[in-house]
Amino acid sequence: MAVQDTSPSVGPMASLDRGQASVQSARPAAKPVRRLPVQKDWRAWALISAQIGILIGGLSLWEIGARAGWIDAFFWSQPSAIAQTMAIFFGSGDAWTDISFTFRSTIFGFLIGTTAGSLLGLSFWWSRNYAAIVQPYVICLESIPKLALAPLIILVFGIGLLSKVAVATALTLVVSTLTANAGVKALDPDGEKLFYSLGASRLQVFRKLVVPFCLPWIISVLRVNIGLALTGAIVGEFIASQHGLGRAILYAGQTYDIALVWVAVLVLSTLAMVMYATVSWVESMLRKGVRQ
Amino acid sequence: MSSLAPKLCVADVSMTFQTPTGAFHALAPITLSIPQGRFVSLIGPSGCGKTTIFNIIAGLLEPTGGRVLIDGIDATGTIGRVGYMLQKDLLLPWRTVLDNVILGMEIQHVPLRAARERALPLLHRYGLAGFEYLYPNALSGGMRQRAALLRTLLFDTDVILLDEPFGALDAQTKLRMQEWLLQLWSDFNKTVLFVTHDVEEAIYLSDEVHVMGTRPGRIIANIPVPLARPRIRGSVLTGEFLAIKERCLELLHLEGTASEQINEAA
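Protein sequences appear in the order of chains V and E. Residue numbers for the first sequence follow the numbering used here, beginning at 1 and rising by one. Residue numbers for the second sequence follow the numbering used here, beginning at 293 and rising by one.
Below, the structure written as structure tokens:
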């Protein structure tokens, strides 16, 4: 009896011991001591000097490489030649004509495309039937690579400023339409209910609810559209133009004047940055008006 | 005699929605008659058509049958006759509290300056002093509801519909808002129709509680609340109050089991 009594009690005890042993063996011998990674922010002057340092270093390497023959200056040009070409470019009267031509077609295309597109997108609020009919066309237009139409646009609108404005408009219009329409779709039906319960007319709902509600959407597309309008203007100039930075780049490339290509690209980037800064400023002003 | 005529009358209003699976009877013919200055609550299980009734009274939904009368005049399907506070506060984030509150007046072409002059003292008196020029996102839930309610009041209609205005608030805030609402109600002498899930809230606030049933939505009982006004918090513990509460809960429970049986049968 005594033997029979002890044997079952040993069984579970033994298995328990084994269980504990396996738990202990699964635990690593010692946990590594780890602290929260902390990143120290550099001072502003340190960051800026690092950035300037990289720029100067890169340009110096380029110049030295070109002189030493590591880089083929025929294809890549070199900073000293670019500087000389820039002085010549700005010395001749063409620089400002080109800059103002590209600037104007970009701005007009941006303004027309953004305004018309936003209005078109907002207009879908007015009628569900109208929206259902027109929207597939807008989506089709979105999927067409608009730049492929650029030769056609140049044929229709001529080689002057108008055709560049048209290409820039074509690029910006559809994006603005879709974005404004996304705003309209995000509108809370209860918001409209509130307005109608207060006896509002359709026009009042549109002016006091739909437009202010969609404004952040429209603002968000401004910065994208600056880039698109600039692209449109340049491509328009690539195809056929008598002025503009795009034409200058194409001309310089065809005559192997690589330094001039770089100059025009530099001027273009400066132009783009100025426009970005302006749009960002307009954006912040509008946002201040919209909320907070 | 004219003062005894109902301010708001919902006469045999029914609503049927056409759905792909067939007709859905949201409301059986419902009749409500509410005298001027009364505070009336609707309670009932979710999906019993409380919000549908409100949408019909506010003119946002055309009923399949019946009429809505305000001061005895047919107001079925006309908007802007009653103040309607939806479940959400729906404050416009791009307007200050002051400009949110005057929205109704603005839509009714009250000049902005006059509207603001009317609204400012009310904001001060009803707990929104110091918040006038803030934007709604800076406000707590209770403050937002206050602003939404003041917007409804300043719309200046005799009848006000409140759809679960305190449903999303925490218990403490809810109690304070109830006191605040009773204060407003006695100051402005409005006729209030109030929807809630909270039986105690309904009884505490109201002169009458209508208990609704579902499938189709209908009124199964009209329980008067004869408690004296002004009411105090302690009255929710009196025998009279508890008796009414028990009756309401019993009706809701019966309704719940009945609709379950229907569901099982179907």
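Think of the CB as a built atom: it goes at the ideal place given N, C-alpha and C, for glycine as much as any other residue.
- Query: Going straight from the alpha carbon of Leu-120 (chain V) to that of Cys-140 (chain V), what length do you get?
  - Reply: Computed Cα separation, rounded: 15 Å.
- Task: Use the C-beta contact count for Val-305 (chain E): other C-beta atoms within 10 angstroms, 16 or more gives buried, fewer gives exposed.
- Result: Val-305 (chain E) comes out buried.
- Message: In this structure, how does DSSP classify Ile-511 (chain E) when only helix, strand and coil are distinguished?
- Response: Here Ile-511 (chain E) sits in strand by DSSP.
- Message: Using a 10 Å radius around the Cβ and a threshold of 16 neighbouring Cβ atoms, would you call Gln-39 (chain V) buried or exposed?
- Response: Gln-39 (chain V) comes out exposed.
- Message: Our contact map puts Asp-455 (chain E) next to Phe-346 (chain E) with C-beta atoms below 8 Å; I'd like the distance itself, whole angstroms only.
- Response: About 5 Å separates the two Cβ atoms, so the contact holds.
- Using a C-beta cutoff of 8 Å, does Lys-380 (chain E) count as contacting chain V? At least one C-beta of chain V is nearer than 8 Å to the C-beta of Lys-380 (chain E).
- Query: Of all the alpha helix (DSSP H) runs that stay within the bounds of the region 237–266 of chain V, which reach a length of 4 or more residues?
  - Reply: You should have 245–254.
- Please name the residue in E:Leu-476, E:Val-491, E:Asp-450 whose C-alpha comes closest to that of Ile-362 (chain E). Measuring from the Cα of Ile-362 (chain E), the nearest candidate turns out to be E:Asp-450.
- Query: Given a threshold of 16 other Cβ atoms within 10 Å of its Cβ, counted over all protein chains shown, does Glu-542 (chain E) qualify as buried or as exposed?
  - Reply: By the 10 Å Cβ count, Glu-542 (chain E) comes out exposed.
- Message: Rounded to the nearest angstrom, what separates Ile-245 (chain V) and Ser-284 (chain V) at their Cα positions?
- Response: Note that residue 245 (chain V) is Leu in the sequence shown here, rather than Ile. Their Cα atoms are separated by approximately 30 Å.
- Does Gly-253 (chain V) get closer than 8 Å to chain E when you measure Cβ to Cβ? Taking Cβ atoms only, chain E never reaches closer than 8 Å to Gly-253 (chain V), which makes this a no.
- Message: Nearest by alpha-carbon distance to Thr-234 (chain V): which of V:Arg-104, V:Ala-131, V:Phe-206, V:Ile-71 is it?
- Response: Contrary to the premise, residue 234 (chain V) reads as Ile rather than Thr in this sequence. For the residues V:Arg-104, V:Ala-131, V:Phe-206, V:Ile-71, the minimum Cα distance to Ile-234 (chain V) belongs to V:Arg-104.
- Message: Give me the DSSP bridge partner(s) of Leu-334 (chain E).
- Response: The partner list for Leu-334 (chain E) (beta bridge, DSSP) reads E:Val-487, E:His-502.
- Message: Excluding the 5 residues flanking Cys-301 (chain E) on each side, which residues of the same chain have their C-beta closer than 6 Å to its C-beta?
- Response: In chain order, Ser-325, Leu-361 place their CB closer than 6 Å to the CB of Cys-301 (chain E), counting only its own chain and leaving out the 5 sequence neighbours on each side.
- Alpha carbon to alpha carbon, how far is Leu-453 (chain E) from Ala-460 (chain E)? Leu-453 (chain E) and Ala-460 (chain E): Cα-Cα distance of roughly 17 Å.
- Message: Quick check: the Cα distance between Ile-371 (chain E) and Pro-428 (chain E), rounded to an integer number of angstroms?
- Response: The straight-line gap from Cα to Cα measures roughly 26 Å.
- Query: Going along chain E, which residues have a C-beta under 9 Å from Leu-171 (chain V)?
  - Reply: In chain order: nothing, as chain E lies at least about 30 Å away.
- Can you check the region 51–107 of chain V for any alpha helix (DSSP H) of at least 4 residues that lies completely inside it and give the ranges in chain order? Correct list: 73–76, 79–91.
- Provide the residue span of the beta strand (DSSP E) that contains Leu-323 (chain E), from first to last. The question names Leu, but residue 323 (chain E) in the sequence shown is Thr. Element bounds for Thr-323 (chain E): 314–327.
- Query: Quick one: Cα of Glu-237 (chain V) to Cα of Ala-264 (chain V), how far?
  - Reply: Cα to Cα, Glu-237 (chain V) sits roughly 13 Å from Ala-264 (chain V).
- Message: By alpha-carbon positions, which one of V:Ser-241, V:Thr-114, V:Val-134, V:Ala-81 ends up nearest to Glu-63 (chain V)?
- Response: Of V:Ser-241, V:Thr-114, V:Val-134, V:Ala-81, the residue nearest in Cα terms is V:Ala-81.
- Message: Comparing C-alpha positions only, which one of V:Phe-74, V:Leu-215, V:Ile-48, V:Phe-195 sits nearest to Met-377 (chain E)?
- Response: With distances taken between Cα atoms, Met-377 (chain E) lies closest to V:Phe-195.
- Item | Simplified DSSP state of Lys-299 (chain E), which is helix, strand or coil | Look at Lys-299 (chain E) here: in three-state DSSP terms it is strand.
- Query: What number of angstroms, rounded off, separates the C-alpha of Gly-113 (chain V) from the C-alpha of Ala-182 (chain V)?
  - Reply: Straight-line Cα distance between these residues: approximately 17 Å.
- Can you tell me the Cβ-Cβ gap for Leu-415 (chain E) and Glu-424 (chain E), rounded? I've got them flagged as a contact below 8 Å. Cβ-Cβ separation between Leu-415 (chain E) and Glu-424 (chain E): approximately 5 Å, consistent with a contact (criterion under 8 Å).
- Message: Distance check for Leu-319 (chain E) and Ser-176 (chain V), CA to CA, integer angstroms please.
- Response: Their Cα atoms are separated by approximately 44 Å.
- Task: Check Thr-311 (chain E) in the structure and name its three-state DSSP category.
- Result: Correct three-state label for Thr-311 (chain E): strand.
- is_contact[Ala-320 (chain E), chain B] using C-beta, thresh 8 Å: Looking for chain B here will not work: the only protein chains present are V and E.
- Message: I'd like to know whether the C-beta atoms of Thr-179 (chain V) and Ile-226 (chain V) end up nearer to each other than 8 Å.
- Response: Contact flag unset, no.
- Message: Quick check on the DSSP output: the alpha helix (DSSP H) that includes Val-205 (chain V) runs from which residue to which?
- Response: Note, Val-205 (chain V): alpha helix (DSSP H), 202–205.
- Please name the residue, chosen from E:Val-501, E:Ala-407, E:Met-397, E:Gly-422, that lies closest to Ile-335 (chain E) on a Cα-to-Cα basis. The shortest Cα separation from Ile-335 (chain E) among E:Val-501, E:Ala-407, E:Met-397, E:Gly-422 belongs to E:Val-501.
- Taking the alpha-carbon positions, what's the Met-307 (chain E) to Pro-321 (chain E) distance? Roughly 8 Å between the two C-alpha positions.
- Item | Pro-189 (chain V) to Val-282 (chain V) span [Cα, whole Å] | Near 30 Å, if we compare the C-alpha coordinates of Val-282 (chain V) and Pro-189 (chain V).
- Message: Counting only beta-carbon separations shorter than 8 Å, does Glu-283 (chain V) have a partner in chain E?
- Response: Among the residues facing chain E, Glu-283 (chain V) is not included, as its CB has no counterpart in that chain under 8 Å away.
- Message: For the beta strand (DSSP E) containing Asp-455 (chain E), name the first residue and the last one.
- Response: From DSSP, the beta strand (DSSP E) with Asp-455 (chain E) extends over 451–455.
- Residues that Leu-61 (chain V) contacts on chain E, provided the C-beta gap is smaller than 7 Å: Neighbours of Leu-61 (chain V) in chain E, taken as residues at a C-beta separation under 7 Å, are lacking, since the least C-beta distance is about 51 Å.
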